[in-house]
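Below is one structure; the comments refer to it alone.
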Amino acid sequence: MSPVDLSVLPIRARSSLAEDGIAWPALLGGHMGTLMAIVQQMEDSQWWSPAALLDAQREQGAALLDFAYAKTDFFAKRLAGGRPQLGDDAWLALPILTREEIVRDFEALKARDLPASHGKVSIARSSGSTGQPVAVLKSKLTSLFWQAQRLRDNRWAGRDCRLDRAVIAGQMGIPPGGRRVQGWGLGFDEQWSCGITSMLDLLHADVATQVFWLEAVRPTYLGTYPSNLAALLDIWEAEGIGGLKLDQVICQSEMLLPGLAERCERVLGAKMLSNYSTGEMGYITIECPDCGQQHVQDEGVYVEVLDDDGRPCGVGETGRVAVTLLHNFAMPLIRYEIGDYAEVGRPCSAGRGLSSLGRILGRRRNMLVLPDGSKRWPTFGSRRFAKIAAVEQFQLVQQSVGKIEARFRVGEPLTAMQRDALAVAVGEALGYPFEVEITEFSGPIPRSRRGKFEEFISNVA
Amino acid sequence: MSTDFADRIRSGLTADGLVWPPVFKGRMASLLALHHELDQSQWWSPAQIKEMQGAQATALLEHARAHTRFYRDRLPPTAPRPGDDAWLALPLVTRADCLRDFEGLKSDATPARHGPTFTVETSGSTGQPVRVVRTDVTGLLWDALRRREHDWTGRDHRLDRAVVRWLGEGPPEGMQIQGWGRGFDELWPCGRTSMLDIVHADIATQIAWLDKVKPHYLVTYPSNLAALLDVWAKDGKGAFDIRQVTAMGETVPPDLAARCEAVLGARLVSNYSSSEVGYIAIQCPDCGQMHTQDETLYVEVLDDAGRPCPPGEIGRVVLTPLHNFAMPLIRYETRDYAEVGTPCPAGRGLGSLARVLGRRRNMFTLPNGSKRWPTSNNDRFNQIAVIHQYQVVQHAPDRIEARFHVGAPLTQSQHAALIDVLSETLGADVRYTITALDTPLSRNVNGKFEEFVSLVV
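Residue numbers (our numbering), protein chains in the order written: chain A, 61 to 521; chain B, 195 to 651.
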């Protein structure tokens with residue numbers, strides 16, 4: 061064949077029949093045909109009305125519940141009184157599935173006689189940053205949906221998979237070199253000639269090492285945690301970004317920090333995007349390219365945001381997130397409370413019918429409990445502490461209802477006056493005169509086992 | 195179930211609890227994946243599309259040279275890229291070639307994964323029908339383009355459609371099937387398709403039949419639609435709600451869309467296709483031009499010297515279907531003429547035809563040797579007399595006959611006035627004769643009707 065001019069070549073799929081002379085348009089058979097057929101349907105369904113999406117979810121939900129009732133011991137009991145329709149009163153009366161139940165009743169949740177078309181079963185684990193890690197079984201079919209959602213994420217974000225990306229997160233490649241693989245992973249590499257993915261382990265690479273590494277790998281896209289991005293931006297803001305040309309930073313896994321997207325844009329000239337996913341559930345939401353809210357991936361999950369009484373929250377209200385994974389028959393997860401809190405979003409201004417979350421507020425353990433029993437998610441900037449002393453990093457831990465441990469990473473030991481001033485500032489930031497105990501760190505404040513970092517943790521909530 | 199129920203595709207694995215989103219394997223998965231591809235590629239730049247056509251054409255030419263007797267010596271060892279000088283030097287494949295050397299054009303080794311082959315025949319407006327062998331891959335592409343046409347026209351497949359055309363051996367009373375055919379019925383609960391063979395049905399019969407089947411969509415030839423509109427304009431349309439008419443098979447007269455809208459309240463859309471290659475062009479929902487289906491074929495519009503015509507110029511349509519490895523047609527001369535369009539203002543990168551003018555035999559040669567495409571004079575003729583139908587036949591450059599199906603015999607003054615209109619539009623230095631008939635003018639054997647026919651070679 062004569063060479064193709066790469067300069068004008070569009071991003072196009074590789075044909076399954078390329079060897080038989082069908083170069084374009086790509087004809088896709090087997091797994092790729094099935095995957096792209098789902099992608100094509102999701103291109104349509106994102107624009108359906110919310111009512112139409114709910115109808116479809118209910119039909120799929122009914123199939124899931126029928127199967128769960130017939131093929132798992134756990135749901136044979138739980139659904140013995142009937143199999144309600146997603147969202148109706150009987151559904152809302154169905155007990156929430158807890159993390160503890162998944163750990164305790166793992167065997168009873170496992171399905172018998174999984175239809176062959178659902179594919180092989182594998183185990184997925186959540187990070188369990190501070191709490192209990194949880195393992196669930198997932199069929200290969202759920203991975204197909206995950207791949208379809210990954211492709212949607214990429215399409216919505218407008219990323220070009222021929223370019224290189226870097227990921228700095230927990231359990232990745234060891235510095236100084238990190239790990240490099242050709243390609244972007246499942247669902248991408250079968251279709252396109254993808255760029256390189258470079259990976260670096262956050263737990264083994266301080267921020268200076270990361271900056272050095274990024275200058276060497278020169279990615280177009282960076283995926284990392286918000287807290288780590290904030291630390292990188294601190295350096296880049298002070299020292300300049302060198303030859304780095306990042307186009308997008310994709311934030312995952314932690315609460316987003318206020319003002320981070322603006323800083324990212326200002327310092328890096330890069331757009332910051334986020335999505336909401338967990339190891340055991342896959343994608344829950346993806347940031348809408350038009351309205352900027354997080355759109356629930358309604359084709360794969362049924363998401364509820366529930367108030368303290370278990371009633372669905374209205375737009376603008378915050379509640380617990382419960383997720384029903386619609387296609388995982390290997391281990392049905394019905395109304396699984398994943399431990400996060402989120403605010404219900406508005407309808408998409410661009411007309412996508414997918415439901416929205418306004419903000420993901422984080423986990424219950426990030427919620428401050430005030431002595432009067434009220435709860436809220438504290439937000440605070442680091443600047444108020446930096447005005448008092450050379451604070452490089454901080455973390456507030458609510459040890460009891462009345463007491464906060466304030467951890468500060470400082471360049472040099474704090475004076476007594478600074479300690480007093482910081483204690484007052486912590487009380488002001490949290491809106492209550494807590495008893496504040498200050499702990500100084502000369503190095504980084506430790507992250508979780510997966511490299512995540514939380515600025516506020518409550519041991520009371 | 196809510197009334198807001200979406201137009202959902204049926205899953206291929208409902209039995210295994212996979213209801214939504216639909217999960218497919220095999221051919222349907224490939225078809226939907228192809229829809230996805232085409233949804234993207236329509237927005238590629240013309241340069242990107244041309245690049246990929248080039249890659250596909252190279253694969254086709256290499257196969258044709260290696261596996262068909264016809265192309266073995268005709269094609270150079272290095273396959274030329276579509277549009278470059280070596281490509282333009284490749285001889286055209288004519289209808290006569292297809293009739294004479296059918297066996298030589300057939301591949302001796304169609305790749306197995308291109309699927310089973312099947313043979314199609316042209317309707318053969320004039321002369322012997324041409325046979326073309328095609329593969330399941332071309333069938334898959336056809337199904338995908340049918341869906342694109344469906345998307346572009348905004349039709350709702352849950353509604354009913356009626357087709358009035360030449361069917362070959364359709365029963366006189368018409369027939370009905372549940373569904374819209376392959377590529378649709380596997381995915382959705384579709385409406386009914388009713389079909390009537392135009393050869394067996396005069397206009398009154400068609401109207402009675404349409405009143406009975408009450409379609410939402412009608413597919414027919416422009417000349418037949420014009421005749422239906424004449425009756426509906428006079429007698430009022432039936433108790434049906436035709437929302438859209440698809441014109442096929444013939445040149446669409448310039449005033450037909452407006453008449454269709456005025457009389458039926460229905461939008462007229464058109465496409466350009468042929469049995470040999472399938473879809474050639476589909477009307478753009480945004481710019482209204484006919485976009486060539488560049489993902490499946492390379493379309494050339496050539497002037498008399500064989501050079502590509504620029505936008506606004508009219509030339510011969512030459513096609514290379516890019517995926518038919520069972521019987522490669524490389525630079526197949528269709529005998530149709532089209533005017534090259536302009537880039538799509540909505541941003542589709544596909545090529546454009548401003549209009550398809552019909553066959554060479556619909557083009558008149560004037561006494562001074564110049565050529566022109568006559569257009570409809572229906573309105574002007576009807577201001578003079580009650581004319582149901584007309585056909586203008588050029589017997590020699592200076593001799594033209596106009597045939598009229600009239601409501602009443604023509605008076606001498608009407609006769610003179612009709613000749614005035616003809617000489618105004620086709621030139622004064624021609625001898626005109628008029629034939630008035632009280633019966634409908636006959637169609638071609640394939641049911642199509644041509645308003646202008648030139649017998650000048």
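Each residue gets a CB set at the ideal place from its N, CA and C atoms; glycine is no exception.
Closest Cβ-Cβ distance between residue i and chain C: below 9 Å?
i          : result
Trp-214(B) : No chain C appears in the structure shown, which is made up of the protein chains A and B.
Indicate the three-state DSSP secondary structure (helix, strand or coil) for residue i in the structure shown.
i          : result
His-139(B) : Because chain B here runs from 195 to 651, residue 139(B) falls outside it and cannot be looked at.
Gly-248(B) : helix
Phe-264(B) : helix
Glu-533(B) : strand
Gln-583(B) : strand
Ser-337(A) : strand
Ile-392(B) : helix
Arg-510(B) : strand
Cys-324(A) : helix
Thr-94(A)  : helix
Ser-648(B) : strand
Gly-121(A) : helix
Arg-661(B) : One cannot answer for residue 661(B) here, as it falls past the ends of chain B, which runs 195 to 651.
Arg-212(A) : helix
Arg-574(B) : helix
At 8 Å on the CB atoms, spell out the chain A contacts of residue i, in chain order.
i          : result
Ala-253(B) : Met-61, Gly-81, Ile-82, Ala-83
The ligand HEM and residue i: does the residue's C-beta get closer than 8 Å to at least one heavy atom of that ligand?
i          : result
Trp-273(A) : Among the components of this structure there are no ligands whatsoever, and the ligand HEM is therefore not found.
So which residues of chain B does residue i contact, with C-beta pairs closer than 7 Å?
i          : result
Thr-94(A)  : Val-217, Phe-218, Lys-219, Ala-223
Gln-357(A) : Per Cβ cutoff of 7 Å: no residues; Gln-357(A) is ~11 Å from chain B at best.
Are the CB atoms of residue i and residue j nearer to each other than 9 Å?
i          : j          : result
Ser-417(B) : Gln-583(B) : yes
Arg-469(A) : Glu-497(A) : no
Leu-366(A) : Ile-228(A) : no
Arg-359(B) : Ile-397(B) : no
Leu-274(A) : Cys-324(A) : no
Val-238(A) : Ala-265(A) : One detail in the question is off: residue 238(A) reads as Gly in this sequence, not Val. Taking 9 Å as the Cβ cut-off, Gly-238(A) and Ala-265(A) qualify as a contacting pair.
Val-356(A) : Leu-414(A) : yes
Which bits of chain B does residue i rub up against, with CB to CB less than 8 Å?
i          : result
His-264(A) : Those do not exist, as His-264(A) stays about 40 Å from chain B at its closest Cβ, beyond 8 Å.
Look at the alpha carbon of residue i and the alpha carbon of residue j, and state the distance between them as a whole number of angstroms.
i          : j          : result
Leu-343(A) : Leu-292(A) : One point to set straight first is that residue 343(A) is Tyr, not Leu, in the sequence displayed. Those two C-alpha atoms are separated by around 26 Å.
Ala-321(A) : Glu-465(A) : 29 Å
Met-195(B) : Ser-334(A) : The pLDDT assigned to Met-195(B) is 34, lower than 50, so where the model puts this residue is not dependable; a value taken from the coordinates is nonetheless given after this. Distance between the alpha carbons of Met-195(B) and Ser-334(A): 35 Å.
Gly-360(A) : Leu-114(A) : 12 Å
Gly-302(A) : Thr-280(A) : 14 Å
Ser-518(A) : Tyr-285(A) : 20 Å
Ser-416(A) : Asp-358(A) : 10 Å
Pro-285(B) : Arg-268(B) : 8 Å
Gly-298(B) : His-394(B) : 38 Å
Thr-158(A) : Ile-310(A) : 29 Å
Gln-106(A) : Arg-221(B) : 24 Å
Arg-395(A) : Gly-418(A) : 20 Å
Thr-190(A) : Leu-95(A)  : Note that Thr-190(A) scores a pLDDT of 42, beneath 50, so its modelled location is shaky and nothing firm can be said.
Gly-188(A) : Trp-108(A) : For Gly-188(A), the predicted model reports a pLDDT of 49, less than 50, meaning its position is unreliable and no value from the coordinates is stated.
Glu-250(A) : Gln-207(A) : 12 Å
For a contact defined as C-beta to C-beta under 7 Å, what are the partners of residue i on chain A?
i          : result
His-485(B) : By Cβ distance, chain A contributes nothing, its closest Cβ being about 15 Å from His-485(B), past 7 Å.
Gln-250(B) : Ala-83, Trp-84
Ile-203(B) : Gln-101
What residues of chain A sit near residue i, judged by a beta carbon separation below 9 Å?
i          : result
Phe-519(B) : Asp-80, Gly-81, Ile-82
Glu-489(B) : Trp-84, Pro-85
If you measure from the beta carbon of residue i to each beta carbon in chain B, is any gap under 9 Å?
i          : result
Phe-523(A) : Missing from the structure shown is residue 523(A); chain A here goes from 61 to 521 and no further.
Ser-105(A) : yes
Ala-410(A) : no
Leu-414(A) : no
Ser-203(A) : no
Pro-175(A) : yes
When the cut-off is 9 Å and only beta carbons count, does residue i lie next to chain A?
i          : result
Gly-541(B) : no
Val-331(B) : yes
Ile-578(B) : no
Gly-277(B) : no
His-230(B) : yes
His-308(B) : yes
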